[in-house]
Amino acid sequence: MQENYLTGAIPPSFGNLKHLTTIYLYNNQLSGSLPSEIGNLKSLVELCIDNNNLSGPIPSSLGDLTNLTLLYLFKNNLSGTIPKEIGNLKSIVDLELSQNQLNGSIPTSLGDLSNLEILFLRANKLSGSIPPEMGNLMKLTVLQLDTNNFSGYLPENIFQGGSLENFTAHTNHLIGPIPKSLKTCKSLVRVRLEGNQLTGNISEDFGAYPNLQFIDLSHNNLHGEISQLWGQCPQLATLRIAGNNLTGRIPPEISHATQIHELDLSSNSLVGVIPKDFGRLTSLVKLMLNGNQLWGPIPSEFGSLTDIEYLDLSTNNFSESIPGIFGNLLDLYYLNLSNNKFSQEIPFQLGKLVHMSQLDLSRNSLEGKIPSEMSSMQSLEKLNLSHNNLSGLIPTNFDEMRGLYDIDISYNQLQGPIPDNKAFQNARVEGNDGLCGNVGGLKPCNHFVEYKHTSKLVFLITFPILGF
Numbered sequence: 000m001q002e003n004y005l006t007g008a009i010p011p012s013f014g015n016l017k018h019l020t021t022i023y024l025y026n027n028q029l030s031g032s033l034p035s036e037i038g039n040l041k042s043l044v045e046l047c048i049d050n051n052n053l054s055g056p057i058p059s060s061l062g063d064l065t066n067l068t069l070l071y072l073f074k075n076n077l078s079g080t081i082p083k084e085i086g087n088l089k090s091i092v093d094l095e096l097s098q099n100q101l102n103g104s105i106p107t108s109l110g111d112l113s114n115l116e117i118l119f120l121r122a123n124k125l126s127g128s129i130p131p132e133m134g135n136l137m138k139l140t141v142l143q144l145d146t147n148n149f150s151g152y153l154p155e156n157i158f159q160g161g162s163l164e165n166f167t168a169h170t171n172h173l174i175g176p177i178p179k180s181l182k183t184c185k186s187l188v189r190v191r192l193e194g195n196q197l198t199g200n201i202s203e204d205f206g207a208y209p210n211l212q213f214i215d216l217s218h219n220n221l222h223g224e225i226s227q228l229w230g231q232c233p234q235l236a237t238l239r240i241a242g243n244n245l246t247g248r249i250p251p252e253i254s255h256a257t258q259i260h261e262l263d264l265s266s267n268s269l270v271g272v273i274p275k276d277f278g279r280l281t282s283l284v285k286l287m288l289n290g291n292q293l294w295g296p297i298p299s300e301f302g303s304l305t306d307i308e309y310l311d312l313s314t315n316n317f318s319e320s321i322p323g324i325f326g327n328l329l330d331l332y333y334l335n336l337s338n339n340k341f342s343q344e345i346p347f348q349l350g351k352l353v354h355m356s357q358l359d360l361s362r363n364s365l366e367g368k369i370p371s372e373m374s375s376m377q378s379l380e381k382l383n384l385s386h387n388n389l390s391g392l393i394p395t396n397f398d399e400m401r402g403l404y405d406i407d408i409s410y411n412q413l414q415g416p417i418p419d420n421k422a423f424q425n426a427r428v429e430g431n432d433g434l435c436g437n438v439g440g441l442k443p444c445n446h447f448v449e450y451k452h453t454s455k456l457v458f459l460i461t462f463p464i465l466g467f
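Using numbering that gives the first Met the number 0, the letters of the sequence shown correspond one by one to residues 0 to 467.
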């Protein structure tokens, strides 16, 4: 009876169907509370009433269904606490209560579910500490506790079973160190702990994981240097450690993890240069190193990152010129190099980046003219060139960039007319004394034309005076 747009409440008379082994009522529009009479269905093996509009508490009588192997109640509006009687479901393998309004703490009796392999409690209003009894679940492969109000420490033994593959506890209020049992849990495939207040030395807390594909430790209070061991995770595709207190240099050994698609080390206190070995990370799609204290030029090896789409190196101390090899990164749609010490001219090769949507080169020491080739960036929507030393005219072919809607060219030394482009009518242009046009605060362009004409006239008149 799944996916049949059923409405109304589940009748208590369901409890009379004593020989039922499976109930599939998922993806309907059932409402009301779960009748306690369901606890009479002692033969029930699978109960799936997920993705409905059920409300009220989970009846404690469900604990009488000792043959139950699968219980799906996720995506409802169930409230109240998780009944401790759930710990009587000794046959349960898969228990999913996510995306409800459940509150209170996890009952310690869940640690008695010795056959449990999958436990989803995410996206509720659960609180308190995660009970150490969870470490008794030796067969557990998936544990999702994220998006709740859990506090306290992660239990030291939570990874000791050696079977855990998917562990998420992000977006809670967890504190304290990373459990030592995590370092030796070689079964891990996916770990999400971001958005807590976890502490500890990141260079000591993690090992080499043969199967790890995704790990997010962002926005905690972790410190120390980035471990070389991340390079010994051959399946690693996503590594996020943003918004912590990391120091030291980026180890070149990370480049041994050649499957990395996303690397986010932003908003830390990392120093030194970008390792040249990064050129080996040819699977990179997103790279975020912004908000650190990195310095030096961008290595020419970046030209090998031809799959990259999103690159943020802003708010560092990078210097010298913006390399022309960026023009080879044809899939780039986001490039932020702002708040650095880049100098010299904007490379004309950037004009080849036809998928570029957002380009920010602001707050550097760039000079020279804006290259006319940039008008080829027909996907460009946001352009920020402010707070540089750019000079000369804005290229007239910028009139053709109809996708632009957000432009900041303020505080440069640009001159001449503003392009006939709607986006430029709302552009931030202050701090350019030579600009003219129909934009608030600028002088009209007829003044600019007269000035040019007058200059030529004066030049011609002075020739006789100089003896020509």
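Idealized CB from N, CA, C, for every residue including glycine.
Being a predicted model, the structure only gives us computed values, none of them experimental.
For residue 224, tell me which candidate among 417, 271, 211, 418 has the shortest Cα-Cα distance. Reading the sequence shown from its first residue, position 225 is the one you call residue 224. Closest option to residue 224, Cα to Cα, is 271.
Under DSSP, the alpha helix (DSSP H) around residue 421 begins and ends at which residues?
Locating residue 421 in the sequence shown gives position 422, where the first residue counts as 1. Where residue 421 is concerned, the enclosing alpha helix (DSSP H) stretches over 421-424.
Cβ-based neighbour list, residue 333, same chain, cut-off 6 angstroms, excluding 5 preceding and 5 following | Taking the sequence shown and counting its residues from 1, the one referred to as residue 333 is at position 334. Same-chain partners within the cutoff: 309, 357.
Determine the direct distance from the alpha carbon of residue 222 to that of residue 233, and round the result to whole angstroms. Translated into positions along the sequence shown, residue 233 becomes position 234. Translated into positions along the sequence shown, residue 222 becomes position 223. Computed Cα separation, rounded: 24 angstroms.
(Q) What does the Cβ neighbour count give for residue 209, buried or exposed, with the cut at 16 atoms within 10 Å? (A) Numbered from 1 along the sequence shown, position 210 holds the residue referred to as residue 209. Counting Cβ neighbours within 10 Å, residue 209 comes out exposed, since fewer than 16 surround it.
Which partner residues of residue 287 appear in the DSSP bridge assignment? Numbered from its first residue, the sequence shown carries residue 287 at position 288. Residue pairing by DSSP places residue 287 opposite 263, 311 in a beta bridge.
Checklist entry - Near residue 65, what residues of its chain come up, given a Cβ to Cβ distance below 8 angstroms and the 5 sequence neighbours on each side ignored? => result As a working mapping, residue 65 is identified with position 66 in the sequence shown. 41, 87, 88, 89, 90, listed in sequence order.
- prompt: Which ranges would you report for the beta strand (DSSP E) in the region 121-168 if only whole runs of at least 3 residues count?
  reply: Counting whole runs of 3 or more residues, the region 121-168 contains the beta strand (DSSP E) stretches 124-127, 141-143, 148-152, 165-167.
* Just how far apart, CA to CA, sit residue 488 and residue 297? -> Because the chain in this structure spans residues 0 to 467, residue 488 falls outside the shown range and cannot be described.
Does the beta-carbon of residue 193 have 16 or more other beta-carbons within 10 angstroms, so that it is buried, or is it exposed? Against the sequence shown, residue 193 aligns to sequence position 194. With 16 or more Cβ atoms within 10 Å of its Cβ, residue 193 is classed as buried.
So residue 347 and residue 372 are in contact, right, with Cβ under 8 angstroms, and what is the actual spacing, rounded? Your numbering for residue 347 matches position 348 in the sequence shown. Your numbering for residue 372 matches position 373 in the sequence shown. Contact holds; Cβ gap of about 4 angstroms.
* Find the nearest neighbour of residue 81 within the set 139, 67, 120, judged by alpha-carbon distance. => Taking the sequence shown and counting its residues from 1, one reaches residue 81 at position 82. Considering only alpha carbons, the answer is 120.
### Message
Quick check on DSSP: helix, strand or coil for residue 255?
### Response
Working through the sequence shown from its first residue, we reach residue 255 at position 256. Helix.
_Pairwise C-alpha distance: residue 97 and residue 316_ = Translated into the one-based positions of the sequence shown, residue 316 becomes position 317. Translated into the one-based positions of the sequence shown, residue 97 becomes position 98. So the two alpha carbons sit approximately 45 angstroms from each other.
Worksheet item: Which value, in whole angstroms, describes the spacing of the CA atoms of residue 241 and residue 14?
Response: The sequence position of residue 241 within the sequence shown is 242, counting from 1. The sequence position of residue 14 within the sequence shown is 15, counting from 1. Each residue's alpha carbon lies about 52 angstroms from the other.
Could you pull the DSSP bridge partners for residue 271 from this structure? Taking the first residue of the sequence shown as 1, we reach residue 271 at position 272. For residue 271, the pairing in a beta bridge is given by DSSP as 293.
Discussion item. Given this structure, state the Cα-to-Cα distance separating residue 260 from residue 282, to the nearest angstrom.
Written reply: The residue given as residue 260 occupies position 261 in the sequence shown. The residue given as residue 282 occupies position 283 in the sequence shown. About 5 angstroms.
query: Thinking just about the alpha-carbon of each residue, which of 304, 55, 45 is nearest to the one in residue 35?
result: For this step, residue 35 is matched to residue 36 along the sequence shown. Nearest C-alpha to residue 35: 55.
Check whether the Cβ atoms of residue 198 and residue 165 sit closer than 8 angstroms, and answer yes or no.
-> In the sequence shown, counting from the first residue as 1, residue 198 sits at position 199. In the sequence shown, counting from the first residue as 1, residue 165 sits at position 166. In this structure, residue 165 does not lie closer than 8 angstroms to residue 198 by Cβ.
- From 75, 5, 23, residue whose alpha carbon lies closest to that of residue 32: Translated into positions along the sequence shown, residue 32 becomes position 33. For the residues 75, 5, 23, the minimum Cα distance to residue 32 belongs to 75.
Next on the checklist: Less than 8 angstroms between the C-beta atoms of residue 377 and residue 402, yes or no?
Outcome noted: If you number the sequence shown from 1, residue 377 lands on position 378. If you number the sequence shown from 1, residue 402 lands on position 403. Result yes, Cβ atoms of residue 377 and residue 402 sit closer than 8 angstroms.
Own chain, CB closer than 7 angstroms to residue 299, minus 5 neighbours either side, in chain order: The count along the sequence shown starts at 1 and reaches residue 299 at position 300. Closer than 7 angstroms at the Cβ level, and outside the excluded window around residue 299, lie 322, 324.
- So, are the CB atoms of residue 398 and residue 416 less than 8 angstroms apart? Here the question's residue 398 lines up with position 399 in the sequence shown. Here the question's residue 416 lines up with position 417 in the sequence shown. It is not a contact, given that the beta carbons lie outside the stated cut-off.
Inset, instruction - With DSSP collapsed to three states, give me the class of residue 100. - result: For the purposes of this step, residue 100 is identified with residue 101 of the sequence shown, where counting begins at 1. Strand at residue 100.
Check your understanding: Across which residues does DSSP place residue 427 in a beta bridge pair?
Key -> Stepping through the sequence shown from its first residue, residue 427 is reached at position 428. According to DSSP, which records beta bridges pairwise, residue 427 is partnered with 407.
Checklist line | Nonlocal neighbours in the same chain, by C-beta distance under 6 angstroms from residue 117, ignoring five residues either side | finding: Sequence index remark: in the sequence shown, residue 117 carries index 118 (1-based). For residue 117, where only same-chain residues beyond five positions count, the Cβ hits under 6 angstroms are 93, 141.
Residues near residue 452 in its chain [Cβ-Cβ closer than 6 angstroms; skip 5 each side]: Translated into positions along the sequence shown, residue 452 becomes position 453. Summary for residue 452: the model assigns pLDDT 37, below 50, so the residue's position carries little reliability, and this model does not support an answer.
request  = Below 8 angstroms on the Cβ atoms is my guess for residue 49 versus residue 19; work out the distance and round it to an integer in Å.
outcome  = By 1-based counting over the sequence shown, the position of residue 49 is 50. By 1-based counting over the sequence shown, the position of residue 19 is 20. Rounded, the Cβ-Cβ distance is 17 angstroms, inconsistent with contact.
(Q) Please return the same chain residues whose Cβ sits closer than 8 angstroms to the Cβ of residue 448, not counting the five positions on each side in sequence. (A) Your numbering for residue 448 matches position 449 in the sequence shown. Below a pLDDT of 50, predicted positions are generally treated as unreliable, and residue 448, at 48, falls in that range; no measurement from the model is reported.
Next on the checklist: Here's a check: name, in chain order, each residue in its chain whose Cβ is nearer than 7 angstroms to the Cβ of residue 12, leaving out the five neighbours to either side.
Outcome noted: The sequence position of residue 12 within the sequence shown is 13, counting from 1. If we look at residue 12 and ignore the five residues flanking it on each side, it has no Cβ neighbours.
- Message: Give me the DSSP bridge partner(s) of residue 341.
- Response: Start at 1 with the first residue of the sequence shown, and residue 341 comes out as number 342. Note: residue 341 sits in a beta bridge opposite 319.
Notebook entry, point to check: Helix, strand or coil for residue 393 per DSSP?
Noted result: The residue given as residue 393 occupies position 394 in the sequence shown. Coil, per DSSP.
Practice problem: Output the boundary residues of the beta strand (DSSP E) element that contains residue 22. | Solution: Reading the sequence shown from its first residue, position 23 is the one you call residue 22. Note, residue 22: beta strand (DSSP E), 21-23.
Practice prompt. Note down the Cα distance separating residue 351 from residue 302, rounded to an integer number of angstroms.
Written response: Taking the first residue of the sequence shown as position 1, residue 351 is located at position 352. Taking the first residue of the sequence shown as position 1, residue 302 is located at position 303. So the alpha carbons of these two residues sit roughly 14 angstroms apart.
Using a Cβ-Cβ cutoff of less than 7 angstroms, which residues in the same chain neighbour residue 327 once the five nearest sequence positions on both sides are dropped? Within the sequence shown, residue 327 is the residue found at index 328, counting from 1. For residue 327, where only same-chain residues beyond five positions count, the Cβ hits under 7 angstroms are 302, 305.
Exercise for review: Quick one: give me the first and last residue of the beta strand (DSSP E) that residue 364 is part of.
Suggested key: Sequence index remark: in the sequence shown, residue 364 carries index 365 (1-based). Residue 364 -> beta strand (DSSP E) spans 364-367.
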